[in-house]
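Down below is the structure, laid out as structure tokens.
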Amino acid sequence: MARDSCMIAELVVKEGRSAFEGVGSLVDVAGGTGNMAKAVAKAFPGMSCTVLDLPHVVSGLEDGGNNVKYVAGDMFESIPAADAVLLKVISCFLFYLIFYNLNIIFNYICNCKLIALV
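All residue numbers for the sequence shown refer to the numbering used here, where the first residue is -4 and numbers rise by one.
In structure tokens, the structure reads:
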């Protein structure tokens, strides 16, 4: 996923720029090493970006500058407060979600303000 994020991060920021305008804070859910959040933070220096991922994923990663920080956690338990949530969906993750507890998924989606980049 990290390689994919590197490849598309600049394109997402360029083509989806209007989706990010006016957003003061963003959480990149399951953001891994933070490549996407770093690209967003670089394009929008006034935005505070948080990368949320499991503890073993973000352990040892250093904050990516003044406006990118890493938080260890589980998106199905809680998501840090922010103006917007960025969730990259890949097919195997979607397959997992389809067979996961639908009540958990519904509650998760209802508690998020999502930025949709299609």
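Cβ coordinates follow ideal geometry from the N, Cα and C atoms, glycine included.
In the DSSP assignment, S13 falls within the unbroken alpha helix (DSSP H) covering R12 to F15.
Excluding sequence positions up to five before and after G19, its CB lies within less than 6 angstroms of the CB of D78, all in the same chain and listed in chain order.
Three or more beta-carbon pairs drawn from the stretch 35 to 49 and the stretch 68 to 83 are found closer than 8 angstroms, and the two stretches are therefore classed as touching. Here the alpha carbons of L21 and P75 stand approximately 9 angstroms from one another.
The closest CA to that of Y65, considering only N30, K37, A38 and V7, is found on N30. The continuous stretches of beta strand (DSSP E) do not include V53, which lies in the alpha helix (DSSP H) extending over residues P50 to V53. About 6 angstroms separates the beta carbon of V35 from that of V8, a gap short enough to meet the 8 angstroms contact definition. For A38, the uninterrupted alpha helix (DSSP H) run begins and ends at N30 to A38, by DSSP. Here V24 has L47, M70, V80 and L82 as same chain residues with Cβ atoms under 6 angstroms from its own Cβ, once five neighbours each way along the sequence are excluded. It is roughly 11 angstroms from the alpha-carbon of V63 to the alpha-carbon of F39.
Cβ-Cβ distances below 6 angstroms link S43 to S20 and N62 in the same chain, with the five nearest sequence neighbours on each side left out; the list follows chain order.
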